[in-house]
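All residue numbers for the sequence shown refer to the working numbering, where the first residue is 216 and numbers rise by one.
No residue lacks a Cβ here, since even glycine has one placed at the ideal position from N, Cα and C.
Treat the numbers as computed from the prediction; the structure is a model and nothing was measured.
This report concerns only the one structure given below.
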Amino acid sequence: LGDVYKRQVYLLDAYDDLEHDRKKNCFNPLLEKEEDEMFDDWMKQLLTMMAVEFAKEFEKLPIIEDVEILRNIIYSGIWTRYEEVRNKRAQGEWRQNDEKSV
């Protein structure tokens, strides 16, 4: 259960750090894939598959205390963060395209 969650957090963090890592010439496992025009959709699919796997295992646990808080994080938190990053990336791309046209 922990490994799936760690991978999901790692990928979301790598997704968020793409621009910084590209500028600083730092390693990011997603840099090469970013060139694909369907990259953001691919990223969402990947995170969705991981979230499904994680949620399936989570629901098997005998958790009673604070289960609703944990479910909120699992079922909503990751997507809230994903949308923040995707919107930030979309605005950055818009700015880059706007700067190129000047």
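- With fewer than 16 other Cβ atoms inside 10 Å of its own Cβ, residue 253 counts as exposed.
- Only residues of its own chain outside the window of five on either side were considered, and among them 265 have a CB closer than 6 angstroms to the CB of residue 223, listed in chain order.
- Between residue 273 and residue 293, the C-beta gap is not smaller than 8 angstroms, which leaves the two residues out of contact.
- In the three-state scheme derived from DSSP, where H, G and I count as helix and E and B as strand, residue 258 is classed as helix.
- Residue 303 and residue 280 have their C-alpha atoms roughly 35 angstroms apart.
- Approximately 18 angstroms separates the beta-carbon atoms of residue 286 and residue 227; this is outside 8 angstroms, ruling out the contact.
- Per DSSP, residue 288 lies in no alpha helix (DSSP H) and is assigned neither H nor E.
- In the displayed model, residue 239 falls within a helix according to three-state DSSP.
- Rounded to the nearest whole angstrom, the C-alpha separation of residue 239 and residue 278 is 43 angstroms.
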